[in-house]
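These notes concern the structure reproduced below.
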Amino acid sequence: MSTMHSSQSSKIKDKDRNKIEFRIHPESKLNGDLDLITTKKGSETNLKRKKKCQCGTVPLMVFGLILLTFGLLSIKFRISDVILDIRLQMIPGTPPFELWLNPQPEVRLNVFIFTVENANEFLNGNEPNIKIKEIGPIVYREYLKHSDVIFHPNSTLSYTATRRAEFLPLANTPGILNETIVVPNFALLAAAGFVNTQNFFIKFGYTFMEKQYNEGLFINISIYDYLWNYKSRVLEKAKALAPTMVPTLNSGILHGIYVENSDRYNVRIGKKYGDSEFFLINTLNGAPTVPGYNVENGDCYASVQNATEGAMYRQRLTKKSVLSFWRKALCRTAQLHYEKEMKIGNIPAYKYILRSNMYDRLPNKERDCYKGTYGELPNGLTDVSKCYFNMPFAASLPHFYGRSEGFTKKFQGLHPDEEKHTCFTIVEPTMGAPLVQTARSQMNLVIPKLSYLFENHYKKFEEMILPLFWIEYYQNGLTPQMESMIGFFVNVLPIIQITLTSTLLIVGFTLTVVAFDLKFVQMVVNKSDRDRTVESYRVEKGVLDGQNFSSNTIRLFVNLHPTDDRTNVKRNYFLKICLKTEDFLKACEECLYYEKEIEVYSKILPTVEESLRSINEPGQLAPKCYYTDLKRGVLVFEDLSDNNFESVSKSDGMDLDHLRLSLSTLAKWHAATAVLLLTRPELFEWNKKTMYKNSKTIEGFFKSIAKTLSNTAKKWSEFEEVADKLINIPSHVYEDIYKEYLPTENGFNVLLHGDMWSNNILFHHNTQGKPTDIRLVDFALCKHTNPSFDLALLLYGSSHSASITQADRETLIKFYHIELNRLLRKLRYPAQIPTLLDIQALVFRFDFYNALIVLFVIGLRYMGESFDGGFVELTKNAQNGEGESATMYSHPKCIEDLKYLLNMFDRRGYFDF
4 MSTMHSSQSS
14 KIKDKDRNKI
24 EFRIHPESKL
34 NGDLDLITTK
44 KGSETNLKRK
54 KKCQCGTVPL
64 MVFGLILLTF
74 GLLSIKFRIS
84 DVILDIRLQM
94 IPGTPPFELW
104 LNPQPEVRLN
114 VFIFTVENAN
124 EFLNGNEPNI
134 KIKEIGPIVY
144 REYLKHSDVI
154 FHPNSTLSYT
164 ATRRAEFLPL
174 ANTPGILNET
184 IVVPNFALLA
194 AAGFVNTQNF
204 FIKFGYTFME
214 KQYNEGLFIN
224 ISIYDYLWNY
234 KSRVLEKAKA
244 LAPTMVPTLN
254 SGILHGIYVE
264 NSDRYNVRIG
274 KKYGDSEFFL
284 INTLNGAPTV
294 PGYNVENGDC
304 YASVQNATEG
314 AMYRQRLTKK
324 SVLSFWRKAL
334 CRTAQLHYEK
344 EMKIGNIPAY
354 KYILRSNMYD
364 RLPNKERDCY
374 KGTYGELPNG
384 LTDVSKCYFN
394 MPFAASLPHF
404 YGRSEGFTKK
414 FQGLHPDEEK
424 HTCFTIVEPT
434 MGAPLVQTAR
444 SQMNLVIPKL
454 SYLFENHYKK
464 FEEMILPLFW
474 IEYYQNGLTP
484 QMESMIGFFV
494 NVLPIIQITL
504 TSTLLIVGFT
514 LTVVAFDLKF
524 VQMVVNKSDR
534 DRTVESYRVE
544 KGVLDGQNFS
554 SNTIRLFVNL
564 HPTDDRTNVK
574 RNYFLKICLK
584 TEDFLKACEE
594 CLYYEKEIEV
604 YSKILPTVEE
614 SLRSINEPGQ
624 LAPKCYYTDL
634 KRGVLVFEDL
644 SDNNFESVSK
654 SDGMDLDHLR
664 LSLSTLAKWH
674 AATAVLLLTR
684 PELFEWNKKT
694 MYKNSKTIEG
704 FFKSIAKTLS
714 NTAKKWSEFE
724 EVADKLINIP
734 SHVYEDIYKE
744 YLPTENGFNV
754 LLHGDMWSNN
764 ILFHHNTQGK
774 PTDIRLVDFA
784 LCKHTNPSFD
794 LALLLYGSSH
804 SASITQADRE
814 TLIKFYHIEL
824 NRLLRKLRYP
834 AQIPTLLDIQ
844 ALVFRFDFYN
854 ALIVLFVIGL
864 RYMGESFDGG
874 FVELTKNAQN
884 GEGESATMYS
894 HPKCIEDLKY
904 LLNMFDRRGY
914 FDF
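Sequential numbering from 4 applies to the sequence shown in our numbering.
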C-alpha cells in the first residue's frame, strides 16, 4: 500500500486557476497594512484594508476551515441522504409522514364482470362450453386512510389502514349500475363446494333447501346488486338453521372487500432497520401471517412479513430488488421483479412486474400455502378461501393470462392480453415512491367433484374453475404537488448538492489561502534565506486532481524584498498537508504515516547524506525539507519543478536508463540505512511500532485489492482459477499482514523507502531525454525490514511488461547488488554483506502482500487523472466495486501488465494458502 503523494513536478497552468496574493506595504512591518491582490483571467482588483489588523487572518482562516469542513462533510452527508434519513424516521409533521397519513394519488378501482350468454343452452346440455362476455369497467375511486398511529420504542410503527370505494358517475356509462346481467349463482355453487366436504346430514339438508327454493344456478341480477347486495334465499334459510355455517348473507363482490375493510399493521421504520427494511410489515392484525391462517391449528405459515401494503416501497431500490406487496383481494403477498428502466415525465424510474408464474405450484408442497383447500389447484391459480369464509375461491391473472391448460378450454370469450391483464409498478427507486402501478386479479370459483346427493345440473359444473369477475387497481401518476417534490428530489437536488459542495470547498479553500499566516511564510523563508523579508506571496494547488491520494498539496510562491543592489529574489516552496478526513486520520494514527515521514526528513535523510559525503558519494537523495510540524501534519520542501525535475509517464513506465538511476540511488539509501540501523539504532526509536498491527483500515485495504483483482480476473476465461484464489484468501492471512514488515532475523535489513514506484521518483533530464539526476519523495511508509519490497515495487510496478523483460529485471538486480556491495564496503558495514543470490532470492520470494500492492500500483499507473478521492475513498470504492476502483484495470496496457504479473505470481505460489 502507498500514501501515493504525487510528484512535485505536476504543473497547473496559471490561466486555469485564480491567483491569490498578499502584499505587505514596503513601509509596514510584517503585520502591517495588507493589499489583497486577486488576479483572475488577467484582470486585477485592489481591495485595501484601511485599518491595521493584528489578528484578522485568524478568524478568516477559522471561517475558511469551517467552510472546508462543511464542504467535505457535504460529500459524505449529502442533502438527499439527510432527507431519506428523515423519511426513515416518519416524523409527524414532515412531508413524508403527512403524505403517507392521507395518501393523495388517485387510485381507480375498475371492475369487470363476466356475464354468461348461453346459460340455458349450457344447462340443457346443448352446448358443452360456457360463453362469457366481459362487462365493464365499472369505475370507482379507492380512498385509503391511515389512522391510530402509534410509534413504538423498538423502531416500529403501528397504524390502521382503512379503504373505501366511491362510485365515479362521470367515469362510467350512464345507468351502468342498473343494467341486468346473467351470472353464475356463485353463492349457491360456493356453498355447494363447501357443503360437499361436510357430513351426510349437512349435505342432505342443503340439497333439500336448494330444491325447495329453486333459485337456479344462473341468475339475472343488476350490476349494483352483484357488487354490493347479492343475497340468496337458500343461504338466508341456512343461516337461520345453522348460523355459524353461514358467516354472511351478503355475497356482493365489493361488499366482501370493502365492508369492514380495516386492518391493523405494524411496520419497521428508523435507522435500526435502514433503507432495506423501511416500512416492511411485521404483523397484520397482530399476526405475522395472512388472516385466516392459524399455524397453531395446523395451517401453513403464510407470512405477510417483509411485504408492504403497496402505498410505498423501501428506499434506494436496485435492479436486483424484489418488491413484495399485500392485497386482501389476493389473500397473499405477491412479488414484483425488475423489468426495465424508464421515465415518467422527467423522473427516472424502474418498472417491476409480476411474473406470469407467480401463482404456480411450488416444488415443495409443504411450503405451498396457496395450493388449494379443496384439492390441489393447477398452475396459475392461488387459493384465497381463507380470506373469504373458507369458500372455494381462487385468484388468477385476468382471462387466465399466461395459461393454456385444460381448465381454460371450458369457456369461450376469454381474450388474455399482456398489456391489459398483467401487473406492474413503476417506482422512483431512490425514494421508493410508486409513480404508476396496476394490480389486477381475477376471482374464480373452484368447484370440486360433487356428491351424488346433488342434482345433475350441479354436476355440469363439477371440477370446473369458473371465472366470475376481475378487478384492477390503477394509480396513474401522482398529484402535481407530489410530482414536483419527487422531481425536485431526483433532478434539482443533485445540482444544488454539487453547487453547494463546490462553493463550500472553493470559498473555504480561498479563505484559508487568503488567511495564510504571514509569520509562517516568513518562518519558512528564514530556513532558506536568513535575514530576508517577505514582500508578497501567492499560493496555488500543488498537483493535478487524481495525483494526490493521502495529502493536500500547495505551491507557495514568495517574493522577497529587494537586496541592497535592488535585485528581486523569488523563492518557491512545496507544502504537503495531511488530509483531514476521519478515515485517513485513523489510518495515519494506526500506521504513523506523518510521524515516519517527518522523522525521515528531519533526522534520517540528513544523516544518510552526510554518511555518503564522507565516502565521496555526494548527491542529494530527496528534496530539501525546510519545515515540519507533526501536530498540524505539515511538511515544507523546496519546489523541485524549479530545477525541471519531473516524473516519467505513468502509462509508459520506466525504461532501463531510468531504472538504473533509480536502483543506484536506492542502493545508496539501503546501504547507508543498513549501516545506521546497526551503528546508530537510537535514530530509529520512532520505528519500533509494528507497522499495520491491528489496523482494520489496512486489512480492509488489502481485502479490497484482492476483491477488485478477482472481479477483474473473472472477466478473462484463462484466469478463473486465479480469480477464485484471490477471493478465497483466508481471513487470518490479512490479520497477519504486520508480520511481513518485521525485521528479518539474522538477515540483511534496511530502512525501506516503502513506496518506491514511478509516482514518487522525480528525474532531471538532459536535452536528449536521458535522466541525469534523481530525487525520491514520500517516505511515509519507511520500515525496518529486508529490501525486497522496494526492489519488487520498482521493477514490477514501475515498468511496462512489453518493454522490460524478466531477464532485464534480473540484470538490474545484479546492477543493484554491485552498487550495494560497493557502498556497504566503503561504509564499513559491520555484518555479512548479502550475496547476489541472497538478493535475487529475496525478490523472487517477496510474498503475497507485496504482490497485491504491486498489482494495485499497476492499476494506479493507468487510472488517469480524474480521480481525486484519496486512498481511503479509493479503498472503500474497491470494497464496494464502485467508482474508479472498479475500472482501474481497464487500460489495454494495464491488462497486458496485469495478465503477465498474475501468471508469474501464481506460478510462484503467492496466492496459495
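Glycine included, every Cβ here is placed at the ideal spot set by N, Cα and C.
Since the structure is predicted, the reported quantities are computational estimates derived from the model, not experimental observations.
Does Lys-706 pass the burial test, meaning 16 or more other C-beta atoms within 10 Å, or should it be called exposed? Residue mapping note: residue 706 aligns to position 703 of the sequence shown, counting from 1. Flag for Lys-706 reads buried.
Under 7 Å between C-beta atoms of Met-759 and Leu-784: Counting from one through the sequence shown, the residue named residue 759 turns up at place 756. Counting from one through the sequence shown, the residue named residue 784 turns up at place 781. Not in contact: Met-759 and Leu-784 (Cβ atoms no closer than 7 Å).
Suppose you measure from the CA of Leu-503 to the CA of Gln-843; what does that come to, to the nearest Å? Sequence index remark: in the sequence shown, residue 503 carries index 500 (1-based). Sequence index remark: in the sequence shown, residue 843 carries index 840 (1-based). Taking the straight line joining both Cα atoms gives about 55 Å.
Going by beta-carbon coordinates alone, are Val-298 and Ile-284 separated by less than 7 Å? In the sequence shown, counting from the first residue as 1, residue 298 sits at position 295. In the sequence shown, counting from the first residue as 1, residue 284 sits at position 281. No, these two residues do not count as a Cβ contact at 7 Å.
Tell me whether His-564 sits in a helix, a strand or coil according to DSSP, three-state version. Position 561 of the sequence shown, counting from 1, holds the residue named residue 564. His-564 falls in the coil class under three-state DSSP.
Would Gln-445 be called buried (16 or more neighbouring beta carbons within 10 Å of its own) or exposed? Here the question's residue 445 lines up with position 442 in the sequence shown. Gln-445 should be labelled buried.
Alpha carbons only, please: which of Pro-432, Glu-342 and Pro-684 is nearest the one belonging to Ile-350? As a first step, residue 350 must be located in the sequence shown, where it is residue number 347. Checking every option, the nearest Cα to that of Ile-350 belongs to Pro-432.
Nearest-angstrom Cβ-Cβ length linking Ile-450 and Val-439, presumed shorter than 8 Å: Here residue 450 is taken as the residue at index 447 of the sequence shown, counted from 1. Here residue 439 is taken as the residue at index 436 of the sequence shown, counted from 1. 37 Å between Cβ atoms; not a contact.
Given a cut-off of 7 Å on the beta-carbon distance, is the pair Phe-427 and Lys-323 in contact? On the sequence shown, residue 427 is found 424 positions in, with the first residue counted as 1. On the sequence shown, residue 323 is found 320 positions in, with the first residue counted as 1. For Phe-427 and Lys-323, no; Cβs fall outside 7 Å.
So, Tyr-377 versus Thr-385, is the Cβ gap smaller than 7 Å? The sequence position of residue 377 within the sequence shown is 374, counting from 1. The sequence position of residue 385 within the sequence shown is 382, counting from 1. Against a cut-off of 7 Å, the Cβ pair of Thr-385 and Tyr-377 comes out as no contact.
Uninterrupted beta strand (DSSP E) stretches inside the region 232 to 303 (no shorter than 3 residues): 265 to 271 and 284 to 287
Straight-line CA distance for Asn-535 to Phe-751? For the purposes of this step, residue 535 is taken as the residue at position 532 of the sequence shown. For the purposes of this step, residue 751 is taken as the residue at position 748 of the sequence shown. Just to set this straight, residue 535 is Arg in the shown sequence, not Asn. Using only the alpha carbons, I get a separation of about 47 Å.
Spatial neighbours of Lys-773 in its chain, beta-carbon cut-off 8 Å, leaving aside the 5 residues before and after: For the purposes of this step, residue 773 is identified with residue 770 of the sequence shown, where counting begins at 1. Here the set comprises Asp-660.
DSSP three-state label for Lys-368, please. Locating residue 368 in the sequence shown gives position 365, where the first residue counts as 1. Of the three classes helix, strand and coil, the one that applies to Lys-368 here is helix, per DSSP.
With distance defined between alpha-carbon atoms, name the residue in Val-85, Asn-132, Arg-144 and Leu-823 nearest to Gln-107. On the sequence shown, residue 107 is found 104 positions in, with the first residue counted as 1. Among Val-85, Asn-132, Arg-144 and Leu-823, the Cα nearest to that of Gln-107 is on Arg-144.
Per DSSP, Thr-311 forms a beta bridge with which residues? For the purposes of this step, residue 311 is identified with residue 308 of the sequence shown, where counting begins at 1. Answer is Phe-328.
Excluding sequence positions up to five away, which residues of its chain have a Cβ less than 8 Å from the Cβ of Asn-494? Residue numbering aside, residue 494 sits at position 491 when the sequence shown is read from its first letter. Here the set comprises Asn-349 and Ile-350.
With a 10 Å radius around its C-beta and 16 neighbouring C-beta atoms as the bar for buried, classify Asn-762 as buried or exposed. The residue labelled residue 762 in the question sits at position 759 within the sequence shown. Asn-762 should be labelled buried.
So, helix, strand or coil for Cys-56, using DSSP? Your numbering for residue 56 matches position 53 in the sequence shown. Any reading at Cys-56 is ruled out, since the residue's pLDDT is 35, under 50, leaving its predicted position unreliable.
For Ile-78, which residues in the same chain have their Cβ closer than 8 Å to its Cβ, ignoring the five residues on either side in sequence? For the purposes of this step, residue 78 is taken as residue 75 along the sequence shown, with counting starting at 1. Excluding sequence neighbours, Ile-78 sits near Thr-504.
Within 7 Å, strictly: CB atoms of Tyr-461 and Leu-453: Looking up residue 461 in the sequence shown gives position 458. Looking up residue 453 in the sequence shown gives position 450. Contact flag set, yes.
Residues near Ile-179 by beta carbon distance below 7 Å, same chain, minus five either side: Taking the sequence shown and counting its residues from 1, the one referred to as residue 179 is at position 176. Closer than 7 Å at Cβ, skipping near neighbours: Ile-141 and Ile-226.
Suppose you measure from the CA of Tyr-540 to the CA of Gln-525; what does that come to, to the nearest Å? As a working note, residue 540 is residue 537 in the sequence shown. As a working note, residue 525 is residue 522 in the sequence shown. Using only the alpha carbons, I get a separation of about 10 Å.
Pull up the distance between the alpha-carbon of Glu-899 and that of Leu-729, whole angstroms please. Here residue 899 refers to the residue found at position 896 of the sequence shown. Here residue 729 refers to the residue found at position 726 of the sequence shown. Each residue's alpha carbon lies about 19 Å from the other.
Beta-bridge pairing of Trp-473 - partner residues as DSSP gives them: Mapped onto the sequence shown, residue 473 falls at position 470. According to DSSP, which records beta bridges pairwise, Trp-473 is partnered with Phe-115 and Gln-445.
Ser-654 in three-state terms, based on DSSP: Taking the first residue of the sequence shown as position 1, residue 654 is located at position 651. Ser-654 falls in the coil class under three-state DSSP.
Shortest alpha-carbon distance to Trp-689 belongs to which of Leu-469, Val-753 and Lys-606? As a working note, residue 689 is residue 686 in the sequence shown. It is Lys-606.
With a cut-off of 8 Å on the beta carbons, I'd call Arg-335 and Val-293 a contact; round off their distance for me. On the sequence shown, residue 335 is found 332 positions in, with the first residue counted as 1. On the sequence shown, residue 293 is found 290 positions in, with the first residue counted as 1. Rounded, the Cβ-Cβ distance is 6 Å, consistent with contact.
On the criterion of 16 or more Cβ atoms from any shown chain inside 10 Å, does Glu-723 qualify as buried, or is it exposed? The count along the sequence shown starts at 1 and reaches residue 723 at position 720. Answer is exposed; the Cβ neighbour count stays below 16.
Are at least three pairs of beta-carbons, each pair with one atom in the region 144 to 157 and one in the region 411 to 428, less than 8 Å apart? no
So, under 8 Å CB-CB, Tyr-630 and Val-527 are touching, yes? Tell me the CB distance rounded to an integer number of Å. Within the sequence shown, numbered from 1, the residue matching residue 630 stands at position 627. Within the sequence shown, numbered from 1, the residue matching residue 527 stands at position 524. Right, their Cβ atoms sit about 5 Å apart.
Terminal residues of the beta strand (DSSP E) in which Glu-137 lies: Numbered from its first residue, the sequence shown carries residue 137 at position 134. Counting along the chain, the beta strand (DSSP E) containing Glu-137 begins and ends at 133 to 155.
Assuming Ile-356 is part of the beta strand (DSSP E), what are its boundary residues? Taking the first residue of the sequence shown as position 1, residue 356 is located at position 353. Residues 350 to 357.
Under 8 Å: do the region 646 to 660 and the region 801 to 811 share three or more Cβ pairs, one atom per stretch? yes
Collapsed DSSP secondary structure at Glu-748 in the structure displayed: To locate residue 748, count along the sequence shown from 1; it is residue 745. DSSP places Glu-748 in coil when its eight states are reduced to three.
Contact belief for Arg-271 with Thr-159 at Cβ below 8 Å, rounded distance in angstroms: Locating residue 271 in the sequence shown gives position 268, counting from the first residue. Locating residue 159 in the sequence shown gives position 156, counting from the first residue. So it is a contact: roughly 6 Å between Cβ atoms.
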